[in-house]
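A.B. asks: Everything in the sequence shown is counted per UniProt numbering, starting at 1 for the first residue and increasing by one. Built from N, CA and C at the ideal position, the CB exists for glycine as well. The following block contains the structure, expressed as structure tokens.
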Amino acid sequence: MSDYLVIVESPAKAKTIERYLGKKYKVKASMGHIRDLPKSQMGVDVENSFQPKYITIRGKGDVLKELRTAAKKAKKIYLAADPDREGEAIAWHLAHILNVDENSECRVVFNEITKDAIKESFKNPRSIDTDLVDAQQARRILDRLVGYNISPLLWKKVKKGLSAGRVQSVAVKMIIDRENEIEKFKPEEYWSIEANFLKNNDEFEGAFYGVNGKKQELKTEEDMKNILNKLQDKKFTIDKVNRRERKRNPSVPFTTSSLQQEAARKLNFRAKKTMMVAQQLYEGIDLGKKSGGITGLITYMRTDSTRISETAKQEAKGFIEEQYGKEYLGHSKKAKKQEGAQDAHEAVRPTSVIRDPKSLKPILSRDQFRLYKLIWERFLASQMAPAIMDTMTVHLVNNGVEFRATGSKVKFKGFMKVYVEGTDDNKKEENKFLPNLTEGMVVEAKEITPNQHFTQPPPRYTEARLVRTMEEQGIGRPSTFAPTLDTIQRRGYVSIDNKRFVPTELGTIVIDILKEFFPEIIDLDFTVKMEGDLDSVEEGKTNWVNILDGFYKDFDKRLQRAEQEMEKIEIRDEPAGIDCENCGHEMVYKMGRYGKFLACSNFPECRNTKPILKEIGVGCPKCKEGNVVERKSKKRRVFYGCDRFPECDFVSWDKPINRPCPKCESLLVEKKKKKETQIQCTNCDYKELTQN
């Protein structure tokens, strides 16, 4: 018989914690929530202060039986779910089911699964925070009121299987609004003039700035020609040289949002994948007996704080001084709390900076290693000294026409020795050196090149850009970003094109309906205010029932109006222009979970479906009869195969080229690497020059 029973959410976490606590403790997993609102009905008594009707989740009977048996044998029960609203709610439900007094010291929280952190947390148990529980309960009920009232309307009026969530609807509207901006965008012409200057044997680049010291824009070709006509020759006098030293500070450690964004940029991870791999690193990896067995490698990954514990700072300081030298030590600054951030616990960081990625590479999976390396480098860099850049700006003048050339070089790498933050446009920072130039010196323009440009529309949202925008606007919370993006894709409201969100016809129809009948659901300000109200419940400043009551009064009136006035919308399938080979009826385009596909219009009598094949203009090299088409695997990875499959089984991960190898006449393919494409033969050693 164990003296103490500890309940966590996952078996992986249970195994790790049990090893740290010793024989007197038995650690069991609840496998997430034990109770929830029923799926078959709303489960909220609107007439009775929105009281929820919780039931045991289907399939959790055996787990619950095991927990009850263990609870009867234990002297004391500790509830150690995750340190956030959701975790507090899980603990509260367990307390009710297992008859644990929620006011007793039964709740244990920790930000990292390490021996010291676990033992310390069990020295300081607390009661269940009912304000946190109320905040989670209010969010859950609010989402249930919206979803379980609007969704049936959409089923009746539009299509079965649709849903309208509070946060997901705002996300879809943002994607649609961006698409509308792109469609309405009118490009405007402008020009630039670039020049290659020569000083002795050194070449450097400059660009037109203005005339007589004033900046001037070149809006038309005529503006550009007027500037070129002003130039008397190709001799330019250096009018001014500005040299200065510039500091560049490191990025702060990761929050949930910034981790998802950087993993998308640098690792090409979807938000859902980032959180799944981060969960594995948090719950524990078996490092082997000599290295401490199962150990949590990162702190809790659902956070909006950039705060770091003093212990972690000191450990990082010692590591930096030992590995890089004292000059690389950063000056400790107090983390700024972002507006609207809950700041419940630390930033995402390694539990010990001494466990460097290189030492863990043989143990971790490829995805685990890459994400851990990203988190480790970001944290370490955040504690390092700023980089110091030497910058130089040169003003070159010819008859009043001014060009400017800028250059920079790294004087001291500082944090950049370890890590540099990525950018959404994937531009790589490069050193641009200028020769030793002084005022009064004359240089020659080797080449002067005018370039016509047109302004570009705002870009479509990538996952990273949408997460960042949602965070900046205060929509949702760290735990909601990944599930929201996953939901809007599964529902068919948006699709992915070239890693960017594109609204579907279905998504546009649903948002138009919400705009007409439930405008507050997709109103940004309303959503942000609601998040603030939920935060005030968590802080104990507001009663959760009052918030729901204030929302539901107007919402119920809108529901009744929508029931009467909303017209049925028929979404007609787009004809594909080909007939079904099974029954002869016309094939149409359908929207599924993974995008568009072809289906027979005679459904359900005929259930013929086909993927939409994209030809690449290359004949099949194997059967010589078919054509190579682009396909997608179950994991959405692009590959190439013969359109006569299964008669012909030709497949290739690399894109075939429509010409044979000049050396052996075999198939040529494109081998894609990060920022370059190389053409090579599949049979011999022939390769073509890398193309940027």
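(1) What would DSSP say about W155, mapped onto helix, strand or coil?
(2) Decide if F433 is buried, meaning its Cβ has at least 16 other Cβ atoms within 10 Å, or exposed.
(3) Taking all protein chains shown into account, decide if A95 is buried (16 or more other Cβ within 10 angstroms of its Cβ) or exposed.
(4) Do S192 and L228 have their beta-carbon atoms positioned less than 8 Å apart in this structure?
(5) Among the candidates K655, C606 and N242, whose CA atom is the shortest distance from the CA of N627?
(6) In chain order, what residues of the same chain have a beta carbon less than 7 Å from the beta carbon of L297, not counting five sequence neighbours either side?
(7) List the whole-angstrom C-beta distance separating L21 from A71, where the pair is believed to meet the contact cut-off of C-beta under 8 Å.
(8) Identify every residue that forms a DSSP beta bridge with R598.
(9) Can you name the residues that DSSP bridges to R631?
(10) Put E205 into one of helix, strand or coil per three-state DSSP.
(11) How far does the beta strand (DSSP E) with A14 in it extend, from its first residue to its last?
(12) Going by DSSP, what residue range makes up the beta strand (DSSP E) through M31?
(13) Residues bridged to G440 by DSSP?
(14) Taking DSSP as the reference, what is the three-state secondary structure of G414?
(15) So what does G626 bridge to, in DSSP terms?
(16) Pull up the distance between the alpha-carbon of M392 and that of T406, whole angstroms please.
(17) Are the CB atoms of R378 and S251 nearer to each other than 8 Å?
(18) What does a CB cutoff of less than 7 Å around G293 pick up in its chain, not counting 5 residues either side in sequence?
(19) Counting only runs of 4+ residues fully inside the stretch 260-313, write out the alpha helix (DSSP H) ranges in chain order.
(20) Let's test the definition: count the other Cβ atoms within 10 Å of the Cβ of P253 and tell me whether it reaches 16, buried, or not, exposed.
(21) Which one of P83, N48, F236 and N212 has the shortest CA to CA distance from N196?
(22) Could you please give me the residues that DSSP links to M384 through a beta bridge?
(23) Around the C-beta of F454, are 16 or more other C-beta atoms found within 10 angstroms, so that it is buried, or is it exposed?
(24) With H, G and I counted as helix, E and B as strand and the rest as coil, what does DSSP make of I227?
(25) Going straight from the alpha carbon of Q342 to that of P478, what length do you get?
(26) For D343, which three-state DSSP category applies?
(27) Considering only the alpha carbon of each residue, which of T295, Y461 and L267 lies closest to E421?
(28) For Q41, tell me which candidate among S30, L145 and D131 has the shortest Cα-Cα distance.
(29) Bridge partners for G210 per DSSP, in chain order?
(30) How long is the line joining the alpha carbons of K529 and F518, rounded to whole angstroms?
(31) Quick check on DSSP: helix, strand or coil for T449?
(32) What's the C-alpha gap between Q368 and Y686?
(33) Do the CB positions of V44 and P38 come within less than 8 Å of each other?
(34) Could you give the distance in angstroms between the alpha-carbon of P125 and the alpha-carbon of I118?
(35) DSSP three-state label for D685, please.
(36) Three or more beta-carbon pairs under 8 Å between the stretch 172-188 and the stretch 570-579, yes or no?
C.D. replies: If we stick to the structure as given:
(1) If you number the sequence shown from 1, residue 155 lands on position 155. Shown here, W155 sits in a helix according to DSSP, grouped into three states.
(2) Translated into the one-based positions of the sequence shown, residue 433 becomes position 433. When all chains shown are included, F433 counts as exposed.
(3) Here residue 95 refers to the residue found at position 95 when the sequence shown is read from its first residue. When all chains shown are included, A95 counts as buried.
(4) Within the sequence shown, residue 228 is the residue found at index 228, counting from 1. Within the sequence shown, residue 192 is the residue found at index 192, counting from 1. In this structure, S192 does not lie closer than 8 Å to L228 by Cβ.
(5) Within the sequence shown, the letter at position 627 stands for residue 627. The shortest C-alpha separation from N627 is found at K655.
(6) Position 297 of the sequence shown holds residue 297. Residues of the same chain with a CB within less than 7 Å of the CB of L297, apart from the 5 flanking positions on each side, are L281, I285, P350, T351, R355 and Y372 in chain order.
(7) Stepping through the sequence shown from its first residue, residue 21 is reached at position 21. Stepping through the sequence shown from its first residue, residue 71 is reached at position 71. Under the criterion of beta carbons closer than 8 Å, L21 and A71 do not qualify as touching, at roughly 17 Å.
(8) Taking the first residue of the sequence shown as position 1, residue 598 is located at position 598. Note that residue 598 is Leu in the sequence shown, not Arg. DSSP lists Y589 and K610 as partners of L598.
(9) Counting from one through the sequence shown, the residue named residue 631 turns up at place 631. Paired residue(s): F639.
(10) Within the sequence shown, the letter at position 205 stands for residue 205. It is a strand residue.
(11) Along the sequence shown, one-based indexing puts residue 14 at 14. Note, A14: premise wrong, no beta strand (DSSP E); alpha helix (DSSP H) at P11 to L21.
(12) By one-based count along the sequence shown, residue 31 stands at place 31. Boundaries for M31: no beta strand (DSSP E) harbours it, and the DSSP string shows neither H nor E there.
(13) Taking the first residue of the sequence shown as 1, we reach residue 440 at position 440. DSSP lists no beta-bridge partner residue for G440.
(14) In the sequence shown, residue 414 corresponds to position 414, counting from 1. Shown here, G414 sits in a helix according to DSSP, grouped into three states.
(15) As a working mapping, residue 626 is identified with position 626 in the sequence shown. None; G626 has no bridge partner.
(16) Within the sequence shown, the letter at position 392 stands for residue 392. Within the sequence shown, the letter at position 406 stands for residue 406. Annotation: M392 to T406 spans about 6 Å, alpha carbon to alpha carbon.
(17) Position 378 of the sequence shown, counting from 1, holds the residue named residue 378. Position 251 of the sequence shown, counting from 1, holds the residue named residue 251. Contact check for R378 against S251 passes: the beta carbons are separated by less than 8 Å.
(18) Taking the sequence shown and counting its residues from 1, one reaches residue 293 at position 293. Closer than 7 Å at Cβ, skipping near neighbours: R19, D286 and L287.
(19) Correct list: 271-283.
(20) Residue mapping note: residue 253 aligns to position 253 of the sequence shown, counting from 1. Only buried fits P253, as 16 or more other CB atoms lie within 10 angstroms of its CB.
(21) Here residue 196 refers to the residue found at position 196 of the sequence shown. The candidate whose alpha carbon is nearest that of N196 is F236.
(22) For the purposes of this step, residue 384 is identified with residue 384 of the sequence shown, where counting begins at 1. Its beta-bridge partners are L329.
(23) By 1-based counting over the sequence shown, the position of residue 454 is 454. Burial call: exposed.
(24) Counting from 1 along the sequence shown, the entry for residue 227 is found at position 227. Correct three-state label for I227: helix.
(25) For the purposes of this step, residue 342 is taken as the residue at position 342 of the sequence shown. For the purposes of this step, residue 478 is taken as the residue at position 478 of the sequence shown. Because the pLDDT of Q342 is 46, which lies under 50, any placement of that residue in the model is unreliable, and the question is left without a value.
(26) One-based indexing of the sequence shown puts residue 343 at position 343. Interpretation of D343 is limited by its pLDDT of 47, a score under 50 that renders its predicted location unreliable; no figure is taken from the coordinates.
(27) The residue labelled residue 421 in the question sits at position 421 within the sequence shown. Among T295, Y461 and L267, the Cα nearest to that of E421 belongs to L267.
(28) Position 41 of the sequence shown, counted from the start, is the residue given in the question as residue 41. The shortest CA-to-CA distance from Q41 to any of S30, L145 and D131 is the one to L145.
(29) Sequence index remark: in the sequence shown, residue 210 carries index 210 (1-based). DSSP lists K215 and E402 as the beta-bridge partner residues of G210.
(30) As a working mapping, residue 529 is identified with position 529 in the sequence shown. As a working mapping, residue 518 is identified with position 518 in the sequence shown. C-alpha separation (whole angstroms): 16 Å.
(31) Translated into the one-based positions of the sequence shown, residue 449 becomes position 449. Note: T449 maps to strand in three-state DSSP.
(32) In the sequence shown, the residue the question calls residue 368 occupies position 368. In the sequence shown, the residue the question calls residue 686 occupies position 686. Rounded to whole angstroms, Q368 and Y686 show a C-alpha spacing of 35 Å.
(33) Locating residue 44 in the sequence shown gives position 44, counting from the first residue. Locating residue 38 in the sequence shown gives position 38, counting from the first residue. Contact: no.
(34) As a working note, residue 125 is residue 125 in the sequence shown. As a working note, residue 118 is residue 118 in the sequence shown. The C-alpha of P125 lies about 11 Å from the C-alpha of I118.
(35) The residue labelled residue 685 in the question sits at position 685 within the sequence shown. Note: D685 maps to coil in three-state DSSP.
(36) Not touching, per the Cβ criterion.
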